[in-house]
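Okay, so here's the structure we're looking at.
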Amino acid sequence: MLVFVEAGLVFQRIFNLKQFRTLNHEVIILEKLEEKEVVNIESKNIYPGDILKINNILKAPCDLLILDGSCVANESILTGESIPQSKEDIKDLNDDMIFDIELHKKHVIFAGTDIIKIDKPLTCFVLQTGFDTVQGELIKKMMSSTDEFVDVEAFMFIGILLFFAIIAACYTWREGLKMKKTGYKIFLECILIITNVVPTELPLEMSLAINSCVSALRNLNIFCLESFRIPFAGKLNVCCFDKTGTLTESKMDVINVEYTNQNTVDVLRTCHSLVYINKDTNNVVDATIKINLKSNINKSVNTNSELTGDPLEISAYEFLNKIVSSSKGQNTNLEINQLSQEFKNSVCSTINKKYNIKKKYLFSSELKRMTVIYENNKKYYVSCKGAPEVIKGLLVNVPEYFDKYLKYAEEGYRVIALAHKQIDNLKDISRCSVESNFLFAGFLLLDCKLKEHAMETIKDLQESDFKVIMITGDNLLTALNVAKKLGICDKNEQGIQDTDILPAIESNKFENFLVYARASPYHKEKIIEKYNKKGFYTLMCGDGTNDVGALKMSHVGVALVETSSNKVSNNIKQENENFNKNENIKKLLNDETIKLGDASIAAPFTARTKSLESVLNIIRQGRSALVTTIQMYKILALNSLITAFSLSVLDCLGIRFSEYQLVASGILIAFAFVFLTKSKPLKKISKEKPVQTVFSKYILTSIFSQSAVHISLYLFLLRKLRIIEQIEFSTEFKPSITNSAIFLLTTGQQISTFLVNYIGRPFRESLIENKKLLGCLTILLCSIFYILFDINSDFNSMMEIVSLEKIRWLMCGVVVGDLAICFLIEKICFKLFML
0 MLVFVEAGLV FQRIFNLKQF RTLNHEVIIL EKLEEKEVVN IESKNIYPGD
50 ILKINNILKA PCDLLILDGS CVANESILTG ESIPQSKEDI KDLNDDMIFD
100 IELHKKHVIF AGTDIIKIDK PLTCFVLQTG FDTVQGELIK KMMSSTDEFV
150 DVEAFMFIGI LLFFAIIAAC YTWREGLKMK KTGYKIFLEC ILIITNVVPT
200 ELPLEMSLAI NSCVSALRNL NIFCLESFRI PFAGKLNVCC FDKTGTLTES
250 KMDVINVEYT NQNTVDVLRT CHSLVYINKD TNNVVDATIK INLKSNINKS
300 VNTNSELTGD PLEISAYEFL NKIVSSSKGQ NTNLEINQLS QEFKNSVCST
350 INKKYNIKKK YLFSSELKRM TVIYENNKKY YVSCKGAPEV IKGLLVNVPE
400 YFDKYLKYAE EGYRVIALAH KQIDNLKDIS RCSVESNFLF AGFLLLDCKL
450 KEHAMETIKD LQESDFKVIM ITGDNLLTAL NVAKKLGICD KNEQGIQDTD
500 ILPAIESNKF ENFLVYARAS PYHKEKIIEK YNKKGFYTLM CGDGTNDVGA
550 LKMSHVGVAL VETSSNKVSN NIKQENENFN KNENIKKLLN DETIKLGDAS
600 IAAPFTARTK SLESVLNIIR QGRSALVTTI QMYKILALNS LITAFSLSVL
650 DCLGIRFSEY QLVASGILIA FAFVFLTKSK PLKKISKEKP VQTVFSKYIL
700 TSIFSQSAVH ISLYLFLLRK LRIIEQIEFS TEFKPSITNS AIFLLTTGQQ
750 ISTFLVNYIG RPFRESLIEN KKLLGCLTIL LCSIFYILFD INSDFNSMME
800 IVSLEKIRWL MCGVVVGDLA ICFLIEKICF KLFML
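Mapping of the sequence shown onto numbering that gives the first Met the number 0: residues 0 to 834, in sequence order.
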């Protein structure tokens, strides 16, 4: 069995290696800047520090920092997000700013991503190549997700077993000298004890448990890069959620535009990062050139083009399109009665208006705003949108009605403030100088519906005694409205926001806050870090863009990546085709190969579904993995302690087992371990938390108490056997009553460790529901009585077991008594330490 499994592992590694080799970048010719001269160079010969000139769309061969120029890149192969990302140069960064790839990723083109549109020729600095790139790090994690993790508990567990193995070896050494064995013979026996007592199969058994959960999660379209984190999901007690795109739908509905003026439409039409991507040619066109798909004004954007970008911006853009369509008498299901006629006329009048975008300052979660400079009729204008409290500080005059945005936010709307101004020229401009002295241009009100299963998920988590927290970049009043709808907090919750977050983290009331608003990525990361330091196990669920730091800081980071059902089904179909030739290995090892685009660099777990059910599924599998791991530690510890006794005391008495006996019991026990990992988690997540460590009082007391029972019954049976048969020392196996009786007792005790220590409900299926494991153990137990009652003497002879008629009922009593006493001890330990 061990050889078969190991051979399968080797074969799978070879197959995976071939798959990853297909990811090699195609060698292309690039332009390199050397001493003010441009030379052609192959992409395989570039190194960190090189300066490259890029004028054509291509797949980035390395991580590149944009020194000059701007472009649009598709990063779906890294993040799983299908929305193209705008990239800009670093000219507007302060000279004294220290570069951080996480903070300044909008200035970096990552290896493996597709540059699909170049707004201005690029001059780039090579940051990293090969496996040192972000894509390379992702591939390394995909190839071997557990190599970097050191399980301290496992080493401590092995150390304790090694301690008992050394004691048993010392006993064997002493007795061997008394029996005048050769030093070489004694040395071999001691080595045999140490190698058998310290379970060499521990890594394999743990892998079976974890891989089973990885496979189950993959079937649910949840991909795991760091499988060692799965047991952490079983220890969780704090669950943190982003709001937009996580608890609420990414797609928003524009409800109204309040306090509009002649500049409102100009801001909505220009201040965005939307593009049209042609599905056939992958050509990219800025969405600003076109307002209504059906108007067919610009032939470069045909009906086969797809509008892509931020869901908020798409909603606003489609809102304008519907107003135009409604003016033409088309049915758009749009409620526009609340809109002023002046605003509707303004929207329609901009159909033929040309906007020449000169500069975009992309949205920054730290600054909470986006700004665009554009030209129209040889005049220059600046559009800006962002959080109302931020825009308020940039206005030259603040209207007296401005604070009404608080009322809209309290009603649950997402409020975006709009601003506009005209400038003289583009000379010596910077973001700091441009973003000031704006004129107010209105409020955009959007409504976000709660995600499917969001309310049920939060309710299930709270009923299971999880602390649920919302951490969002949205307005506090909007966040509180959603939090109250979901039941995260009550009506009296005040929440905390913006500059008050860091002081709150250091305060004694930190654990009382359930809603954090206007939280930057840095704030999110610090909140998770604080909970970790206080001994909590944390889950962070977000969209994988602004939440990267928090997702990586948490014990279980879940990035929700929405994809079309077609894409998911195609992925599954392709995977099935790839692995048809290796069906047996896939069944045995629960194929955990992950492809680029499935997982995200943002988080250990990537859920390619918009449902929050993914969080519950991860917790269920995490608890199942944790319970299985603890149970395996317990069973292996008991078996190891029994082995230490049998290989020392019993071996010195001359008691041996035949090869047939060892092989038969070994195969069935191996199958029992495999079936042990197949127990499915229960749908209902229990309030009761599983044991989190093998070194708990409950586990240690149970292990040593059961070991004492097993060894006591060994000694009891030996005393009875000496009355019936004289035990003669022999270096070779010879069938006898003693050997046969001890073998049956040993097998019975191994069965006992599985039956007594199986952990089922309320975390996973009970032993009765795990029919394969129950069947395997039943066969083993029945085999003992089948042999004892000598039903088939030929079978007994094949197993080299003699007739046990003289001690038949004694053996029945000892085997059943061992099971009953251990069961009673386990229940007493559980009640003493767990209830």
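Beta carbons: idealized from backbone N, C-alpha and C, even for Gly.
Handout entry: Residues bridged to Glu305 (per DSSP)
Key = Taking the sequence shown and counting its residues from 1, the one referred to as residue 305 is at position 306. In DSSP, Glu305 forms a bridge with Ile276.
Handout entry: Asp423, DSSP secondary structure in three states
Key = The count along the sequence shown starts at 1 and reaches residue 423 at position 424. Coil, per DSSP.
Handout entry: Segments assigned beta strand (DSSP E), at least 3 residues, entirely inside the stretch 376-438
Key = 378-385 and 413-422
Exercise for the section: Provide the residue(s) that pair with Val256 in DSSP beta bridges, ordered along the chain. Expected result: In the sequence shown, residue 256 corresponds to position 257, counting from 1. Beta-bridge pairing links Val256 to Leu443.
Practice task
Report the rounded CA-to-CA distance for Lys367 versus Gln84, giving the unit in angstroms.
Solution key: On the sequence shown, position 368 is the one that residue 367 refers to. On the sequence shown, position 85 is the one that residue 84 refers to. One C-alpha to the other measures close to 17 Å.
Handout entry: Phe156 and Val626 closer than 8 Å at C-beta
Key = For this step, residue 156 is matched to residue 157 along the sequence shown. For this step, residue 626 is matched to residue 627 along the sequence shown. It is not a contact, given that the beta carbons lie outside the stated cut-off.
Practice task
Indicate whether Ser463 and Ile783 have their beta-carbon atoms separated by less than 8 Å.
Solution key: Residue numbering aside, residue 463 sits at position 464 when the sequence shown is read from its first letter. Residue numbering aside, residue 783 sits at position 784 when the sequence shown is read from its first letter. In this structure, Ile783 does not lie closer than 8 Å to Ser463 by Cβ.
Problem - 6 Å CB neighbourhood of Ser701 in its chain, flanking five on each side removed - result: Position 702 of the sequence shown, counted from the first residue, corresponds to residue 701. Cβ neighbours of Ser701 beyond the five flanking positions: Glu825 and Cys828.
Problem - Under 8 Å between C-beta atoms of Gly111 and Ala59 - result: Start at 1 with the first residue of the sequence shown, and residue 111 comes out as number 112. Start at 1 with the first residue of the sequence shown, and residue 59 comes out as number 60. Going by C-beta atoms, Gly111 is nearer than 8 Å to Ala59.
Practice task
Could you tell me whether the Cβ atoms of Gly486 and Lys458 are closer together than 8 Å?
Solution key: Here residue 486 corresponds to residue number 487 of the sequence shown, with the count starting at 1. Here residue 458 corresponds to residue number 459 of the sequence shown, with the count starting at 1. It is a contact, given that the beta carbons lie within the stated cut-off.
Practice task
Just the C-alpha distance for Lys585 and Phe231, rounded to the nearest angstrom, thanks.
Solution key: Walking along the sequence shown from the start, residue 585 turns up at place 586. Walking along the sequence shown from the start, residue 231 turns up at place 232. Caution applies to Lys585, whose pLDDT of 42 falls short of 50 and renders its modelled position unreliable; the value that the coordinates give is listed next. C-alpha separation (whole angstroms): 25 Å.
Handout entry: Neighbourhood of Ala740 by C-beta, 7 Å cutoff - its chain only, sequence neighbours within 5 removed
Key = In the sequence shown, the residue the question calls residue 740 occupies position 741. Closer than 7 Å at the Cβ level, and outside the excluded window around Ala740, lie Leu716, Leu720, Leu803, Ile806 and Met810.
Problem - the stretch 362-377 in contact with the stretch 248-262 per 3-pair CB rule at 8 Å - result: no
Problem - Simplified DSSP state of Pro680, which is helix, strand or coil - result: Taking the sequence shown and counting its residues from 1, the one referred to as residue 680 is at position 681. DSSP places Pro680 in strand when its eight states are reduced to three.
Problem - Reference Asp49, options Glu399, Gln134 and Thr122, closest by Cα - result: As a first step, residue 49 must be located in the sequence shown, where it is residue number 50. Cα-wise, what sits closest to Asp49 is Thr122.
Practice task
Find out if the Cβ-Cβ distance for the pair Ala418, Phe439 is shorter than 8 Å.
Solution key: Working through the sequence shown from its first residue, we reach residue 418 at position 419. Working through the sequence shown from its first residue, we reach residue 439 at position 440. If you check the CB distance, Ala418 and Phe439 come in under 8 Å.
Problem - Residues bridged to Ser85 [DSSP beta-bridge criterion] - result: Within the sequence shown, the letter at position 86 stands for residue 85. Looking at the DSSP assignment, Ser85 forms a beta bridge with Val71.
Handout entry: Residues bridged to Phe124 [DSSP beta-bridge criterion]
Key = Your numbering for residue 124 matches position 125 in the sequence shown. DSSP, once it has assigned bridges, lists Ile50 and Leu64 as partnering Phe124.
Problem - Buried/exposed call for Glu312, threshold 16 Cβ in 10 Å - result: As a working mapping, residue 312 is identified with position 313 in the sequence shown. Result: buried.
Handout entry: Cβ pair Thr269, Val371 closer than 8 Å
Key = In the sequence shown, the residue the question calls residue 269 occupies position 270. In the sequence shown, the residue the question calls residue 371 occupies position 372. In contact: Thr269 and Val371 (Cβ atoms closer than 8 Å).
Exercise for the section: Measure the CB-CB distance between Ile115 and Val237 and report whether it falls below 8 Å. Expected result: Residue 115 sits at position 116 when you count from the first residue of the sequence shown. Residue 237 sits at position 238 when you count from the first residue of the sequence shown. No, these two residues do not count as a Cβ contact at 8 Å.
Practice task
Could you check if Pro387 is buried or exposed, using at least 16 other CB atoms within 10 Å of its CB as the buried criterion?
Solution key: Start at 1 with the first residue of the sequence shown, and residue 387 comes out as number 388. Sixteen is the threshold: when 16 or more other Cβ atoms of the shown chains lie within 10 Å of the Cβ of Pro387, as they do, the residue is buried.
Practice task
Report the three-state DSSP secondary structure of Arg763 (helix, strand or coil).
Solution key: Position 764 of the sequence shown, counted from the start, is the residue given in the question as residue 763. Here Arg763 sits in strand by DSSP.
Handout entry: Meets three-Cβ-pair contact criterion under 8 Å: the stretch 650-659 and the stretch 257-272
Key = no
Problem - Three CB pairs or more closer than 8 Å across the stretch 757-775 and the stretch 672-682 - result: Flag = yes, the stretch 757-775 and the stretch 672-682 touch.
Exercise for the section: Put Val690 into one of helix, strand or coil per three-state DSSP. Expected result: The residue given as residue 690 occupies position 691 in the sequence shown. Three-state result, Val690: coil.
Exercise for the section: My understanding is that Lys391 touches Val397, with C-beta atoms under 8 Å, so please give their C-beta distance in whole angstroms. Expected result: The residue you call residue 391 lines up with position 392 of the sequence shown. The residue you call residue 397 lines up with position 398 of the sequence shown. Sure, about 6 Å apart at Cβ, within 8 Å.
Exercise for the section: Keeping to the same chain, check which residues put their C-beta closer than 6 Å to that of Asp95; ignore five residues upstream and five downstream. Expected result: In the sequence shown, counting from the first residue as 1, residue 95 sits at position 96. No residues qualify anywhere along the chain.
Practice task
Check each candidate in Gly385, Glu434, Leu445 and Lys384 and name the one with the smallest Cα separation from Ala855.
Solution key: Here the chain covers residues 0 to 834 and nothing more, so residue 855 does not appear.
Handout entry: Ile495 versus Lys483, Lys484, Val481 and Leu476, residue with shortest Cα-Cα distance
Key = As a working note, residue 495 is residue 496 in the sequence shown. Ranking Lys483, Lys484, Val481 and Leu476 by Cα distance to Ile495 puts Leu476 first.
Handout entry: Distance between Val323 and Ile296 (C-alpha atoms, nearest Å)
Key = Stepping through the sequence shown from its first residue, residue 296 is reached at position 297. Stepping through the sequence shown from its first residue, residue 323 is reached at position 324. With a pLDDT of 38 at Ile296, under the threshold of 50, the predicted position of this residue should be treated as unreliable, though the coordinate-derived value follows. Roughly 13 Å separates the two Cα atoms.
Handout entry: Below-8 Å beta-carbon distance, Asn73 vs any chain C residue
Key = No chain C appears in the structure shown, which is made up of a single protein chain.
Exercise for the section: Can you tell me the Cβ-Cβ gap for Leu63 and Ile97, rounded? I've got them flagged as a contact below 8 Å. Expected result: Reading the sequence shown from its first residue, position 64 is the one you call residue 63. Reading the sequence shown from its first residue, position 98 is the one you call residue 97. No, Leu63 and Ile97 are not in contact; Cβ-Cβ is about 19 Å, not under 8 Å.
Handout entry: Simplified DSSP state of Lys466, which is helix, strand or coil
Key = Against the sequence shown, residue 466 aligns to sequence position 467. Here Lys466 sits in strand by DSSP.
Exercise for the section: Please work out which residues of its chain come closer than 6 Å, Cβ to Cβ, to Ile820, disregarding the five sequence neighbours upstream and downstream, and give them in chain order. Expected result: Here the question's residue 820 lines up with position 821 in the sequence shown. Val708.
Problem - Length-filtered (4 minimum) alpha helix (DSSP H) runs lying within the stretch 779-821 - result: 792-797
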